[in-house]
Structure formats: C-alpha cells, structure tokens
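Structure record follows, encoded as structure tokens.
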Amino acid sequence: MEKRYYQPEIETASQEQIKAWQDERLVKQVKHVWDNVPYYKKKMQEAGVTPEDIKGRDDLYKLPFVTKADLREAYPYGLMGKPLKDCVRIQSTSGTTGKRVVAFYTQHDIDLWEDCCARAIVAAGGTNEDVCQVSYGYGLFTGGPGLNGGSHKVGCLTIPTSSGNTERQIMFIQDLQATILCCTPSYAAYLGESMKEMGLTPDQIPLKAGIFGAEAWSEEMRRDIENTLGIKAYDIYGLTELSGPGVSFECEEQTGMHINEDHFIAEIIDPDTGEVLPEGATGELVFTAITKEAFPLLRYRTRDICRLTRKACSCGRTHVKMSKPMGRSDDMLIIRGVNVFPSQIETVLLNNGYAANYQIIVDRVNNTDTLDVQVEMTAEMFTDNLGKIDELQKKLVDDLRSMLGLSAKVTLVAPKSIVRSEGKAVRVIDKRKI
Amino acid sequence: MSIKQISVFVENKPGSMCAMTAVLAEHNIDMRALSLAETKDFGIVRIIVDDVFDAATVLKDAGYVHSVTPVLGVSIPDTPGGLNKVLQILSDANINIEYMYAFLGGKSAEHAYMIFRVEDDTKAAAALRAQGIETVDQEEIANI
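Heads up: the sequence lines are chains A and B, in that order.
Quick note on numbering: the first sequence equals residues 1 to 434 in this note's numbering.
Quick note on numbering: the second sequence equals residues 1001 to 1144 in this note's numbering.
Rendered as structure tokens:
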C-alpha cells in the first residue's frame, strides 16, 4: 500500500520538531488560559503555578488537572477561552451521566478538528476518489460533524446519512458504491449482520475501509466486522471535550492510534496519585489541548486507561501512539471488589464465536454483587442437544472466570432480544445504582 | 425413513411459547406432536409438523433460532405393553435413546406414535425392522 498522509510535513515530523511545536504552543496556551479562563487561573493560583513556570512540555506536570467535575462545575461558560461572539458552534457529549458537557468552537478550532479527521480518513486509504458514508449521528454528537468535515477536506464524495434507518444505510452503500464507512463499531457490526441476513457476501459489498470509534471495541470485534463487511477497520479516538473524533487515529499497521501531537500533548498518569508515569506504562490518559481557542483544556483527565508508545511505526508517522483504551474508569465496574471492564467480557464472547451483542447486568442479591452476562443465541450455536448447549454455557462461564477472576452467570436469550443501538451501545445495566 | 423434527430456542418466561405457537397458527401450520425440554433460563421446543419447510421458514422469518433434527417415528398399538415391546428391541440392540415423546394417533384411535431421538437412526430403524416394526416417514406423518 502506498504511504500517504494528509499533512505529511506534520505527520512525519521529527521528534525534535514535535517537541519544539509542543513547547512553543504550550507556553502560549498556558498564557492564553491564564488571561482568559478565570476558573483555571484560580486553580493554577491554588497550585502555586504561574505561566512563567511553564517553559515547555517538561513543565507540564506542574499544572493542575481538569476533570469532568470541573466541567460540571463550570457549566456552561466557565472554561471558555474566547468570548461567545468569536464562537461559531457548540457540540455536546452523547450521554454521560449527569450534566451534559458543552464544548465551544471558533471557526479556527473547527478547521483544525476537521484536519485531524482528514488525517484519519487518509490513513484509512481515503482519497478524493472515495465515497465516504458518515453514519455517525449528526447534531450535538461530534461523530457526524467531525468526520463529515474531514471527508470534505479529503475530497471524498460524502454521504451524510447520519445514524439510524438501517435499510436506507444499506441502500446507499449499495447504490452509491460507498467505499468508506464511518460509524460506531457496534453499528458497523449491526450493519454487517443485516447485510449478511440479506444474503450479501463481503465481495458484494463495495466498502473497503471503515473508521469506527466513540466506544470501546476489541480486536475480536474488529476481525468480526472486517470479515462480514470485507473491509479493513480502523479505530479513531476522541472526546467532545477536546474537539471530537480525530484526537488520535489508526494507520494501516493497526497497532495503536497516532495522537495528533501538534494539537494535543498526551500524558499517562497513575489514576490514584496523579503522578506522571513513564512511556509504556498503563494508566489514565491525560490531554492538553495546545491549539484550541474556544475551549482550551489543560491536563484534562480522560478516564481512559491505556498505554503510549514512541516506537517507530511502519506507516512513517512519527506521532506517539496510544493503545486502544482498555476501558474507561467510568465504565469500570467493581464487582465483589474486582475491577471488570465490559471489553474483557466482549473478548471472551467473541473468542467463543458469539456475536458481539450482549448485555451485562450487575445486581446485588443478599449483599453480594451478581454479574449476569446475557448472550443472544445464534443459529450457528444452537443445537437440539441440551447437553451441548449446557457445555457451551459452561465454557463461557469458565472463560469468564479465568478472564475476570470472578464467577459470572451466563444467560442465553432469544435472538434480537437485546436492544440494538444505533449510537453507543448500552452494554451495562447496573441495578445496584437504582 | 426418519422424520424431520424442528427444534426451536425459546426463553423460559411467560408468553414465549404462546408467541411461537402464534407464528405457526398465523401461517396455518399443523402440529402433529410437541415436546418441551426446559432449563431454568430457556427451553427447546421440539415439534413435528405437516410441512417442515414452511414451518422452518416462517419461524426463521419471525426471528427464531431453530434446527432440524432427524428423529424416528414409530407407530405402536395403543394397548398395554405396546411401547415396552419397542423399547425392548432398542435395548437388545444397545441403542441409547437421547429423548422420546408420544402422541396419540390422530384419525385412528388404535395407534399411538412414539418419537425417538437416537444417535444412529439408521441402526435403530434396522433393528426395529428386523423385528417387524416399521418406522413412519415424513409423508405418513403429514397425512395423519
């Protein structure tokens, strides 16, 4: 495959160049925030830090963190770095608990954000010859607008289907010969499942690549989607708080996502102590937005648990790579004192040949936490023999026990009985909170 | 020689059997026999119908997961000892029965039918035939 980049001089810049950009932009950004965001200035003062203390990337650790709680407290305007008259757009998170996060954008912010998305599309092989179907939701959710803008920048013919209406999605893919699909991985899996049911084989589906993000998905799910749709599936990562999708994206190596370091400085910290961890360590991902004007967050704690690596990548991009998040600490369930990520359960199911549609129900019975994994019976797994089904169920229970370190119940439920999601999948129902 | 039984996955909760039989009723499918194997969470409904292809198609369209399993059908006189005679033959031939169920013989009151699920239905049918007992085929079941 020909190596192609949307902005080659940036994406393949030397480590020294990247550091020089980050040093310069960080110093400027800290001053911008100090001068324009009283909420954060107060936090800096409380921490005894002034803009003069920050001379470059190596001083980043001195700055206080911004957390989701800060966003809630400062809602809606408290963290803005520009007056409203300079802003042209808001986007909002798709469904975290509590108050929604509202992020503001200047035209310049949108421009840079769309550049990031364009880099992701080109990394997935996109050119102006491609037809790019954006099946992420349009609206407050950043998925649709971000990829839509990126697709325009690359020059793809863009089909803004937004999410939902599966029949129409498939009709456009077939009739307009869409080659790139952008949506959540769970919706990609659902589209694949629907097309398979219609009798379409991968070679009858014109798609060649998919850019999937906005929720956790495993390598097994990737293989599943790639096989059903006959595509290469690329991961994309982002948060509304930082712009949206495109903070980082995968290249053809599919071994992690390159963080757009000319716009974001990434750190990994110990989620308990806040201490910065060395490269390669697993911990919470923290981002500092160094080019954003309207919503310039410094040291924002993402709650995503992952690793960073600066190992050279065969694609030629030099920007640091982050591993697929192993889970969000918001998603992390503590069951009988054990940390459980839904992605671990998904891995077990897919390894055993089950479809990726499942639901995790956590409850508390007689003061003990219970974990029930509901799995849809599939035509492939069903047999007339109760004993064989029993064996399958026992195998899942055993595999879950060795993966999670605690015993879970597996319930087989009727096909299609778990509600399909057209946006983010509802994987966990925690009845303990009700 | 063997009969095609349709096995359907249903959840073990109120109304799930009814929802399935509603699909069959709506499509005018006539059941000859039915048996239910249940676990705590789900069950397998095993049915013998007049038209296997039709029934399998409408169930699939309605979203049910099913499989088609070959089973043996044996007509036995509805008299004391009738079943025992058949079981004795299978026992002598060392044939293991995975499950079995009975239904009464439709239009003729003198016969009952037994459905057997065995590992090797050819071997079982041969053992029965050697003792003068014929198995029932799909057509005969459809015409009961």
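Glycine included, each C-beta is placed from N, C-alpha and C at the ideal position.
- Residues of chain B whose Cβ lies closer than 7 angstroms to the Cβ of Thr-378/A are, in chain order, Val-1065.
- For Thr-1069/B, the residues of chain A that pass the 7 angstroms Cβ criterion are Asp-384, in the order they occur in the chain.
- For Thr-1122/B, no CB of chain A lies under 8 angstroms from its own CB, so it is not counted at the interface with that chain.
- With respect to the 8 angstroms criterion, Ile-1003/B and Gly-1073/B are classified as neighbours on the basis of their beta carbons.
- Excluding its 5 nearest sequence neighbours in each direction, Met-221/A has C-beta neighbours in its own chain below 7 angstroms: Pro-185, Ala-189, Glu-346, Leu-350 and Ala-356, listed in chain order.
- In the DSSP annotation of this structure, Leu-207/A is not part of any alpha helix (DSSP H), being labelled neither H nor E.
- In the DSSP annotation of this structure, the continuous segment of the alpha helix (DSSP H) that includes Asp-224/A starts and ends at 219–229.
- Contact check for Met-1031/B against Val-1049/B passes: the beta carbons are separated by less than 8 angstroms.
- Under DSSP, Ser-407/A shares a beta bridge with no residue.
- Judged by DSSP secondary structure, Asp-235/A falls outside any alpha helix (DSSP H) and instead within the beta strand (DSSP E) spanning 232–239.
- Around Ser-1007/B, the beta-carbon contacts reaching into chain A at under 7 angstroms are Asp-384.
- Considering only Leu-112/A, Lys-153/A and Glu-193/A, the residue with the shortest C-alpha distance to Asp-130/A is Lys-153/A.
- Under DSSP, Gln-91/A forms a beta bridge with Ala-103/A.
- In this structure, the beta-carbon distance from Val-101/A to Ile-90/A does not fall below 8 angstroms.
- When only Cα atoms are considered, Ser-163/A and Asn-1096/B end up about 54 angstroms apart.
- The C-alpha of Tyr-300/A lies about 5 angstroms from the C-alpha of Phe-287/A.
- For Ala-414/A, a Cβ of chain B is located within less than 8 angstroms of the residue's own Cβ.
- When the beta-carbon positions are compared, Cys-132/A and Cys-182/A come within less than 8 angstroms of each other.
- Here Asp-175/A is actually not in contact with Gln-7/A; their C-beta atoms are around 33 angstroms apart, not less than 8 angstroms.
- Thr-166/A is outside the set of residues whose beta carbon lies under 8 angstroms from a beta carbon in chain B.
- Here His-1066/B is bridged, per DSSP, to Val-1008/B.
- Taking a Cβ-Cβ cut-off of 8 angstroms, Phe-1103/B has no neighbours in chain A, whose nearest Cβ is about 18 angstroms from it.
- Here the region 8–25 of chain A makes contact with the region 51–58 of chain A; the two share three or more CB pairs at distances below 8 angstroms.
- Residues of the same chain with a CB within less than 6 angstroms of the CB of Phe-295/A, apart from the 5 flanking positions on each side, are Ala-103 and Phe-104 in chain order.
- Sequence-distant partners of Thr-166/A (beyond 5 residues in either direction) whose C-beta falls short of 6 angstroms from its own C-beta, in its chain, are Ser-194.
- Rounded to the nearest whole angstrom, the C-alpha separation of Phe-249/A and Met-257/A is 4 angstroms.
- For Ala-266/A, the uninterrupted beta strand (DSSP E) run begins and ends at 264–269, by DSSP.
- Look at the region 130–188 of chain A and you find these whole runs of alpha helix (DSSP H), each 4 residues long or longer: 143–154 and 166–175.
- Shown in chain order are the members of the region 1033–1044 of chain B whose Cβ falls below 8 angstroms from a Cβ of chain A: Ala-1037, Thr-1039, Asp-1041, Phe-1042 and Ile-1044.
- With a cutoff of 8 angstroms on beta-carbon distance, Lys-409/A and Val-362/A are scored as not near each other.
- Secondary structure of Leu-1072/B (DSSP, three-state): strand.
- Three or more pairs of CB atoms, one per stretch, sit closer than 8 angstroms, so the region 278–293 of chain A contacts the region 238–246 of chain A.
- If you compare the alpha carbons of Thr-282/A, Lys-292/A and Pro-245/A with that of Asp-262/A, the shortest gap goes to Lys-292/A.
- In the structure shown, Gly-353/A falls within a coil segment according to DSSP collapsed to helix, strand and coil.
- Against Val-1010/B, the close residues of chain A are Ala-414, in the order they occur along the chain (beta-carbon pairs closer than 8 angstroms).
- Annotation for Pro-1070/B: Ser-1002 and Asp-1121 place their beta carbon closer than 6 angstroms to its own, counting only its chain and skipping 5 residues before and after.
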